[in-house]
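Q: The structure's right below; bear with me while I get my questions together.
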Amino acid sequence: MDLARLIFTSRTPLAKETRDIENHYHLARIAKSTQQALDFQALSLCLQAKHASELDRLNWTGHQDVARSLDGLGSKLDNLASLSVDIRHSIQEMSSVLHEDLVSLADLILQQQESIERVFVRLGKPYETSAREIRAEADKWLQRGMTREGSDRTDNWNDALRLFKCCTENPIGSQDYFVHFQIGWLKWKLIGSEGEAEASFDRARRLSQDEDVEWNRRCLRHLAYMRYLRADFDGAYDSAYQSLVLERDPLTLFDAARYAARLGRTSTALSLLEEAVRVMPSLMVKMLDEEDFLE
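Mapped onto the working numbering, the consecutive letters of the sequence shown carry residue numbers 34 to 328.
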């Protein structure tokens, strides 16, 4: 199964399409092995490096400031810069630091997959049998659509959205944050309505609060991105910050840095980037490919 073909909407993905927030949930639902997730992450990173090198972003002042502030990572950053200039290297030829990052991300994707499945089962237990079957059917068509292309994907996802909406008419389903998250994701990816997706992600955030930290973080991160896409950069930063209160993971730190940069908070953006890159050095490549740091 060619995950890149299924996840990227075009054969030559735009820079924004390679953002982790754009594709990680899709990847978590369909990756069959750590190696599949690893291969996808490697390709995505190489695409980002290619974008950066083509646009000659290696001389960006912010990149230099972050690089100088990261004591002890000099040689590793040299490797990253080399990747941005020359992307002919395969994953086996990448520097060890990049490979370690990609393996960690792939492991995280598979862990998320297991977590998603556990929550799906746990939250489905209170449903009556008929309602539980509708919920299961909705998720089946969601996942089936994720592994199809063209009109088959569209039809499968329309069926999934219709069935998930049916779930919310049930007293239990109306409080099911798993269901509301899927509705938000489909309104974003299928319909392209960031406003409606924001509302669904926000409801999922509220319902998962004090119930499930991992899902609450996932909801907050997606909520932040919907607000970013709608140019509500204050709202995006605030939601990302709430997620960081729960856990300072590098991907959300990177997102928050982007939103801070959009708000003109340069020192905050650089501080967040420094913290993120210390944990996950491969984010330096992603930074070079990110338009938010060039505004």
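The beta-carbon is built from N, C-alpha and C at its ideal position, and this holds for glycine as well. Computed from a predicted structure; not experimentally measured.
Taking the alpha-carbon positions, what's the V246 to A237 distance?
A: When rounded, the distance between both Cα atoms is 12 Å.
Q: Going along the chain, which residues of its own chain have a beta-carbon closer than 6 Å to the beta-carbon of R295, five neighbours each way excluded?
A: Closer than 6 Å at Cβ, skipping near neighbours: F266, D325.
Q: Report yes if the C-beta distance between L286 and L277 is below 8 Å; otherwise report no.
A: Yes, these two residues count as a Cβ contact at 8 Å.
Q: My output table needs one value for N329: the three-state DSSP class, helix, strand or coil.
A: Missing from the structure shown is residue 329; the chain here goes from 34 to 328 and no further.
Q: What separation, rounded to the nearest whole angstrom, lies between the Cα atoms of R298 and T162?
A: Approximately 52 Å between the Cα atoms of the pair.
Q: Among L80, I54, D35, which one has its Cα closest to the Cα of R260?
A: Considering only alpha carbons, the answer is I54.
Q: Thinking C-alpha only, which one of A302, L240, A264, E231 is nearest L256?
A: Residue E231 is the option with its Cα nearest to L256.
Q: Examine the Cβ distances between the region 136-148 and the region 56-75 and report whether three or more of them are shorter than 8 Å.
A: Verdict: yes, contact present.
Q: To the nearest whole angstrom, what separates the beta carbons of R216 and L196, a pair I think is in contact under 8 Å?
A: Inspection of the sequence shows that residue 216 is occupied by Ile rather than by Arg. 10 Å between Cβ atoms; not a contact.
Q: From A82, Q74, L60, N56, pick the residue whose C-alpha is nearest to that of M317; which is it?
A: The option with the nearest alpha carbon to M317 is A82.
Q: Please list the terminal residues of the continuous alpha helix (DSSP H) segment that includes E247.
A: Here the alpha helix (DSSP H) through E247 covers 246-262.
Q: Alpha carbon to alpha carbon, what distance is there between C200 and R165?
A: Their Cα atoms are separated by approximately 8 Å.
Q: DSSP three-state label for A64, please.
A: Coil.
Q: Please check the pair E227 and W218, which I expect to be a contact at CB under 8 Å, by giving their CB distance rounded to whole angstroms.
A: Not quite, the Cβ-Cβ distance comes to about 12 Å (not below 8 Å), so this is no contact.
Q: Going by DSSP in three states, D53 sits in which element: helix, strand or coil?
A: If DSSP states are grouped into helix, strand and coil, D53 belongs with the helices.
Q: Going by other Cβ atoms of all chains shown within 10 Å of its Cβ, with 16 needed for buried, is E323 buried or exposed?
A: E323 comes out buried.
Q: Expressed to the nearest angstrom, what Euclidean distance is found between the alpha-carbon atoms of W248 and S241?
A: Rounded to whole angstroms, W248 to S241 spans 6 Å at the Cα level.
Q: Just checking my contact of D172 with F153 at CB under 8 Å: how many whole Å lie between their CB atoms?
A: About 6 Å separates the two Cβ atoms, so the contact holds.
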